[in-house]
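Asker: Residues in the sequence shown are numbered from 1 upward in steps of one, following UniProt numbering.
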Amino acid sequence: MVREWDPRTAPADEIGSMLDTLNAVVATDVPEDPLWQDSFLREYLAETMPGERRICWIAEEEAGPDGRPGRLLGHVNVLLLGDIGVVELLVHPSVRRTGLGQRLLAKAARRAYNEGFSSIGVEVVGNTPAVAFYESLGFIREYVETRSVLKLSTVDWLTLGEMAGGIAAGYRVEFYPGGPPDELIEPYAKAKAEVRDIDDGDLDLRPSSYDPQRLRDSLACLRRRGLQPYIVLAIHEKTGEVAGLTEVVVPAQHPTRADQYDTIVAQDHRGYGIDRAIKARMLFELRGAEPKLAEVQTWNAQANEPMLKVNAELGFLADREWCEYGIDVAELVHRFNNRD
Ligand SMILES: CC(C)(COP(=O)(O)OP(=O)(O)OC[C@H]1O[C@@H](n2cnc3c(N)ncnc32)[C@H](O)[C@@H]1OP(=O)(O)O)[C@@H](O)C(=O)NCCC(=O)NCCS
């Protein structure tokens, strides 16, 4: 049975069953990734930015003869933002290729269509069945990144120390667990906005925040979802500008592996060793602040050669393609209607 599902009010055993299915998917599709822990899954699914909504459905087994609820076999959610619906979909490996993935996706697509959204986007992990699934439905691959993983056990901390110190005079590097102080939010947002103007073709399914209030909201939303942000900034001492920034998030759901978010060096401040210095400083700080942390993962456009070079120097190893797929909602709904 497929039904709409609200993670805010769902009983704890349904959240537990969701975690089991999610981990069965991780173990099957990306066995190199850490399993999720029983921590902040409800909040991860329930919390959104102001003005955004996430609508969820689940597929579950029939209840047993004793009335005990059946296992959760599949889940889909659509995050409605701007004019796009961003979908996350998973089906337990034991019941794949029975049409459940399509049934769940049809729910999310019809809702997005009825609410006037124009397109659907989804992040698809390379070399998993999801690629064939979305392509069979007419989704178009719009953007590809490479995911790379750094194992902290392989880091040469002495060399890293040199990188952290190798920044030109006139800049100060600062570390802010939880997010920058309020007086730095504006210059921080400004540095992010500058890069936004460069069209990199990215669909922004993981949107950054460019205006100060949205940035505050975004940091608060991360924390509510159990995603602890850490920020390192390079401040240009003469002007007080944020010349560079790097953001890493440690999820309560898998605290052994952190996610690298944006790293930005403002145009006027390139060529002064800022990129290397802030990333190296971040790794030192994380080692102290997050004792369970073993790995950091990052995503880069294949064309972003300078960033790939710095990551390789730090010891990141490329592991998988990460693709953004998209489709027009009306076209997808039409396909589903023709199949019913
Ligand atoms: C993608 C996914 C949702 C598909 O679910 P599913 O229930 O197996 O999909 P369906 O049965 O509806 O498949 C529909 C069509 O997609 C295509 N398809 C799905 N899986 C496929 C596979 N492994 N190989 C080739 N084609 C496939 C087929 O055309 C299939 O139709 P068919 O079975 O009649 O040939 C499922 O594999 C999944 O949960 N993957 C994990 C996704 C995820 O969240 N990843 C993030 C963490 S890794």
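Note that the Cβ used here is the ideal one computed from N, Cα and C, for glycine as well.
From a predicted model like this one, the values you see are computed outputs, not experimental measurements.
Which term fits ARG339, buried or exposed, when burial requires 16 or more other beta carbons within 10 angstroms of its beta carbon?
Answerer: Here ARG339 is exposed: its Cβ has fewer than 16 other Cβ atoms, across all protein chains shown, within 10 Å.
Asker: What are the boundary residues of the alpha helix (DSSP H) that SER94 is part of?
Answerer: It is not in any alpha helix (DSSP H) - SER94 carries neither H nor E in the DSSP assignment.
Asker: Rounded to whole angstroms, what is the Cα-Cα separation between residue 343 and PRO31?
Answerer: Shown here, the chain extends from 1 to 340; a query on residue 343 therefore has no answer.
Asker: For ASP275 and GLY244, what's the separation of their Cα atoms in angstroms?
Answerer: 7 Å
Asker: Mind checking which residues open and close the alpha helix (DSSP H) that includes LYS309?
Answerer: 305–314
Asker: Identify, in the order they occur along the chain, each residue of the same chain with its Cβ nearer than 6 Å to the Cβ of PRO187, setting aside the five sequence neighbours on each side.
Answerer: GLU241, VAL242
Asker: Compute the Euclidean distance between the alpha carbons of GLN267 and GLN302, then round it to the nearest angstrom.
Answerer: Their Cα atoms are separated by approximately 20 Å.
Asker: Taking contact to mean 3 or more Cβ pairs, one atom from each stretch, closer than 8 Å, check whether the stretch 293–307 and the stretch 98–106 are in contact.
Answerer: no
Asker: Would DSSP call HIS254 helix, strand or coil?
Answerer: coil
Asker: Give me whichever residues DSSP pairs with HIS269 in a beta bridge.
Answerer: According to DSSP, HIS269 bridges with nothing at all.
Asker: Please report the residue range of the alpha helix (DSSP H) in which PHE284 lies.
Answerer: 274–289
Asker: What residue range is occupied by the uninterrupted beta strand (DSSP E) comprising residue 351?
Answerer: Summary: the structure shown does not reach residue 351, with the chain confined to residues 1 through 340, and so no result is reported for it.
Asker: Are the stretch 119–135 and the stretch 315–333 touching by the rule of at least three beta carbon pairs closer than 8 Å?
Answerer: yes
Asker: Below 7 Å between beta carbons: does that hold for ALA191 and ILE278?
Answerer: no
Asker: Looking only at its own chain, which residues have a Cβ that is under 8 Å from the Cβ of LYS292, when we skip the five neighbours before and after it?
Answerer: PRO255, THR256
Asker: Assign MET1 to one of two classes, buried (16 or more other C-beta atoms within 10 Å of its C-beta) or exposed (fewer than that).
Answerer: exposed
Asker: Under 7 Å between the Cβ atoms of ALA252 and SER39?
Answerer: yes
Asker: Does DSSP put GLU14 in a helix, a strand or coil?
Answerer: helix
Asker: Tell me whether SER136 is buried or exposed, calling it buried when 16 or more other Cβ atoms sit within 10 Å of its Cβ.
Answerer: exposed
Asker: Return the first residue and the last residue of the beta strand (DSSP E) that PHE117 is part of.
Answerer: Unbroken run through PHE117: none, as it is neither H nor E.
Asker: In terms of DSSP beta bridges, what is HIS236 paired with?
Answerer: TYR171
Asker: Pull up the distance between the alpha-carbon of VAL107 and that of GLN297, whole angstroms please.
Answerer: Reading off the sequence shown, one finds Lys at residue 107, where the question assumed Val. Straight-line Cα distance between these residues: approximately 32 Å.
Asker: Taking buried to mean at least 16 other C-beta atoms within 10 Å of its own C-beta, is residue 341 buried or exposed?
Answerer: Residue 341 cannot be examined here, being either before or after the span of the chain that is shown, 1 to 340.
Asker: Tell me the rounded alpha-carbon separation between ILE84 and PRO181.
Answerer: 32 Å
Asker: Does the Cβ-Cβ distance between ARG71 and GLU61 come in under 7 Å?
Answerer: Taking 7 Å as the Cβ cut-off, ARG71 and GLU61 qualify as a contacting pair.
Asker: Taking GLY165 and ILE327 to be in contact with their CB atoms under 8 Å, please state how far apart those CB atoms are, rounded to whole angstroms.
Answerer: Contact flag wrong, Cβ pair sits at about 48 Å.
Asker: What's the gap between the Cα of PHE175 and the Cα of TYR113?
Answerer: When rounded, the distance between both Cα atoms is 44 Å.
Asker: Would you say the beta carbon of ARG335 is closer than 6 Å to some non-hydrogen atom of ligand 1?
Answerer: no
Asker: Using three-state DSSP, classify ASN300 as helix, strand or coil.
Answerer: strand
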